[in-house]
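A short write-up of the structure that comes next.
2 protein chains.
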Amino acid sequence: MPSLEHHDTIRAVAWDAGILRLLDQRRLPFIETYLQCRCADDVAVAIRDLAVRGAPAIGIAAAWGVVLAARRGETFAAAIATLRAARPTAVNLQWALDRMHTRVAEGADADMLEREAQAIQAEDLAANRRMGELGAALLAPGSGVLTHCNTGSLATAGFGTALGVIRAGFACGKIVHVYAGETRPWLQGARLTMWELQRDGIPATLIADSAAAHLMKTRSNTAGAVQWVIVGADRIAANGDTANKIGTCQLAICARHHGVKFMVVAPSSTCDASTPSGDRIEIELRDPDELLSMAGQRTVVSGAQAWNPVFDVTPHSLIDAIVTERGVIERPDAARLRAVLGA
Amino acid sequence: MPSLEHHDTIRAVAWDAGILRLLDQRRLPFIETYLQCRCADDVAVAIRDLAVRGAPAIGIAAAWGVVLAARRGETFAAAIATLRAARPTAVNLQWALDRMHTRVAEGADADMLEREAQAIQAEDLAANRRMGELGAALLAPGSGVLTHCNTGSLATAGFGTALGVIRAGFACGKIVHVYAGETRPWLQGARLTMWELQRDGIPATLIADSAAAHLMKTRSNTAGAVQWVIVGADRIAANGDTANKIGTCQLAICARHHGVKFMVVAPSSTCDASTPSGDRIEIELRDPDELLSMAGQRTVVSGAQAWNPVFDVTPHSLIDAIVTERGVIERPDAARLRAVLGA
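Listed in order, the protein sequences are those of chains A and B.
Position one of the first sequence corresponds to residue 2 (the numbering used here), numbered consecutively onward.
Position one of the second sequence corresponds to residue 2 (the numbering used here), numbered consecutively onward.
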């Protein structure tokens with residue numbers, strides 16, 4: 002694979018001589034400032050207040066929170082409980098804290114815990130690099146792609162999941178142009194993905210979420226229009242049904258309609274064998290005010306109602322490939338997922 | 002049909018003693034203020050700058066612009082050319098100006114032109130009432146519907162096209178709940194449709210545009226979820242392909258996927274027999290800044306590109322019914338359109 006150095010410059014979570022530095026994502030894309038976390042509480046506050054976001058990045062930050070607790074001689078039980086409570090529904094957060102807790106229970110000292118946190122971070126980065134290679138291999142040279150939300154270096158140890166495939170694909174000439182959906186209501190695509198792509202020198206164009214079908218349809222007339230939609234995942238059921246940011250399912254339906262391929266990129270830890278299918282995944286509803294106001298200003302008539310689901314479920318039948326660090330599952334179903342990921 | 006008086010209270014275009022008063026839709030839903038247009042240029046600016054919007058309302062406003070030109074002794078050719086250039090895709094604008102131009106060419110004086118503009122406006126309102134009846138007749142009692150953009154009293158002489166069907170459907174008990182897509186980037190659904198529905202006492206819930214597929218999918222679990230998508234049209238080709246606000250095509254694709262019906266409501270003047278199919282319709286691109294900023298604040302990294310098509314084309318094969326004031330065309334194609342609308 003060609004050099005990635007110019008297309009992979011962002012690290013949102015960095016351990017630096019006993020201090021955890023977190024790129025404050027609330028202030029992007031205009032202000033690049035790092036929070037300096039010196040104790041587990043600092044990390045918990047950063048997670049709770051969304052300075053760090055993205056399931057893998059949250060888990061990694063929490064692991065470093067345990068290291069900070071060890072270095073300062075804090076009580077582990079209290080530190081881990083505080084970190085756990087920062088985002089109670091984030092699965093990776095619980096997973097990373099369980100892993101650190103196991104080391105603590107084994108009597109690990111601060112140096113050993115530091116190595117464990119480093120390992121969690123390094124494994125995530127390595128998984129993303131591997132998914133990048135595997136995903137890029139599916140693309141034809143000269144492709145245009147569409148992505149949704151932010152699945153990049155900001156959301157992970159670095160490189161990203163779907164955005165990692167895009168980085169790898171651009172570096173090796175498979176991808177010539179990236180379209181990013183703005184991703185209402187939080188605008189992760191507009192604010193974060195466009196920032197990452199611009200900073201890493203990857204040609205990108207922002208679209209309204211509802212312009213995706215038109216983009217797919219006009220692909221023969223527009224230089225660099227899309228052959229693939231590439232997205233991440235929050236949870237993948239045993240049959241391949243995929244929960245991801247609201248709007249993902251719509252992209253998959255429109256992609257199939259227009260003959261555009263649809264790729265999900267996620268580490269194997271995202272696959273939940275205990276959930277047989279997508280209709281068993283509960284969809285979180287968030288505050289209607291996210292739709293009723295914009296940039297702090299009310300936009301909708303007073304008294305109006307809004308319905309604000311955060312995720313939707315894309316049926317496996319609409320997914321052409323699920324890319325994990327353990328391998329690619331094409332035309333995913335329960336048997337094919339098991340074959341690649343084990344039981 | 003039951004009384005509509007409580008569900009039809011809004012008029013956005015009003016001729017008032019030689020002045021055209023236009024409800025300034027850029028300032029809704031919080032400020033209700035009227036622009037006073039005294040010459041054709043005032044009207045052209047109001048159309049171009051989206052103070053008045055919606056294909057029928059634009060056509061009506063432009064007709065009044067010709068009356069203003071007559072009253073002031075302006076050159077008709079220049080006034081009509083200026084008005085024609087204000088919005089490229091809106092066929093009603095050209096249609097209304099052609100109709101006024103014919104009267105001018107026949108030697109009509111200002112009073113005769115005023116009666117012609119009044120006729121265009123009255124005919125539009127009557128057409129909307131008729132479409133409301135015809136469209137509502139297609140619905141089963143107790144239906145939920147999803148609409149997009151704003152097709153209401155604000156977009157027409159009054160009552161609305163798609164929103165007219167919704168007004169009529171609610172008044173007669175066919176519709177129990179309305180969902181409105183916010184309609185990025187200009188938020189006509191969030192700002193205007195939610196305002197109209199609340200003001201006229203029709204129960205409504207706002208959704209992100211990208212939540213539509215999830216709404217359709219969860220219809221069996223959610224009280225008042227959707228059996229029909231009901232939208233307007235900016236131009237309908239001879240074969241039934243329909244240009245409408247960006248995001249409409251996506252809704253049609255998702256509706257078909259989920260077994261939800263899809264209705265287009267537009268006056269027969271929207272049907273353009275000279276355009277054989279949708280691929281011949283030019284799609285207006287607007288300023289990328291509409292996506293790069295929000296509420297006057299830049300949201301996307303400096304130097305970023307955006308692609309901002311205003312309309313898309315829904316293939317006739319995805320449309321279950323086109324409702325016009327001359328009749329309903331189910332499963333539209335060129336022959337069925339001709340049968341209802343003539344050659």
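Think of the CB as a built atom: it goes at the ideal place given N, C-alpha and C, for glycine as much as any other residue.
- Listed in chain order, the non-local C-beta contacts of A:A307 below 6 Å within the same chain comprise P289, L292 and L293, local neighbours out to five positions each way being set aside.
- For the segment 246-273 of chain B, the set of positions with a beta-carbon nearer than 7 Å to some beta-carbon of chain A reads I247, G248, C250, Q251, I254, C255 and H258 in chain order.
- Between A:P277 and chain B, the shortest Cβ-Cβ separation is not below 9 Å.
- The shortest CA-to-CA distance from B:A111 to any of B:Q122, B:V146 and B:L69 is the one to B:L69.
- Bridge partners of A:I20 according to DSSP: A:D17.
- Minimum Cα-Cα distance from B:A214 among the listed residues B:G202, B:L252, B:I203 and B:K246 corresponds to B:L252.
- Cβ proximity to chain B below 7 Å picks out E183, R185, P186, L188, A191, R192, M195 and W196 from the segment 169-198 of chain A.
- Note on geometry: alpha-carbon atoms of B:C40 and B:R73 lie some 7 Å from one another.
- Only residues of its own chain outside the window of five on either side were considered, and among them A244, P310, V311, F312, D313 and V314 have a CB closer than 8 Å to the CB of A:I284, listed in chain order.
- Put simply, of B:A13, B:L147, B:F160 and B:Q119 the residue whose alpha carbon is nearest the alpha carbon of B:E134 is B:F160.
- Contact check for A:V261 against A:T148 fails: the beta carbons are separated by 9 Å or more.
- The bridge partners DSSP lists for A:H7 come to none.
- Counting along the chain, B:D313 sits inside the beta strand (DSSP E) bounded by residues F312 to T315.
- In this structure, DSSP gives B:F31 a state outside helix and strand, which the three-state scheme calls coil.
- For the 9 Å CB-CB criterion, A:A80 and A:D42 form a contact.
- Distance from the CA atom of A:A123 to the CA atom of A:A267, rounded to whole angstroms, is 16 Å.
- Between A:C255 and B:D280, the alpha-carbon positions lie close to 18 Å from each other.
- According to the DSSP assignment, A:W308 belongs to the beta strand (DSSP E) that extends over Q306 to W308.
- Approximately 28 Å separates the beta-carbon atoms of A:H8 and A:R236; this is outside 8 Å, ruling out the contact.
- Here A:G143 is exposed, its C-beta having fewer than 16 other C-beta atoms within 10 Å.
- Taking the Cβ atoms as the reference, A:V179 lies roughly 4 Å from A:A205, within the contact range of under 8 Å.
- Per DSSP, the beta bridge partners of A:I330 are A:I323.
- The alpha carbon of A:E33 has as its nearest neighbour, out of A:G248, A:V302, A:V324 and A:L193, the alpha carbon of A:L193.
- Contact residues of the segment 95-121 of chain A toward chain B are absent (C-beta to C-beta distance below 9 Å).
- The three-state reading of DSSP puts A:N93 in helix, counting H, G and I together.
- For A:I121, the enclosing alpha helix (DSSP H) starts and ends at A111 to A137.
- According to the DSSP secondary-structure assignment, A:C272 is paired through a beta bridge with A:I237.
- B:R22 and B:V44 have their C-alpha atoms roughly 10 Å apart.
- In the DSSP annotation of this structure, B:K218 is not part of any beta strand (DSSP E); the continuous alpha helix (DSSP H) holding it starts and ends at A213 to K218.
- When DSSP states are grouped into helix, strand and coil, A:S278 belongs to the coil group.
- Taking CB atoms only, B:Q228 has no neighbour in chain A less than 9 Å away.
- The secondary-structure analysis by DSSP pairs A:T148 across a beta bridge with A:A181 and A:I231.
- Rounded to whole angstroms, the separation of the alpha carbons of B:L207 and A:D25 is 31 Å.
- Under the 9 Å criterion on CB atoms, B:D25 is classed as non-interfacial with respect to chain A.
- A:A118 sits away from A:I59, with the two beta carbons spaced by 9 Å or more.
- Within the same chain, G182, E183, T184, R185 and G248 come within 7 Å of A:D210 by CB-CB distance, once the 5 residues on both sides are set aside.
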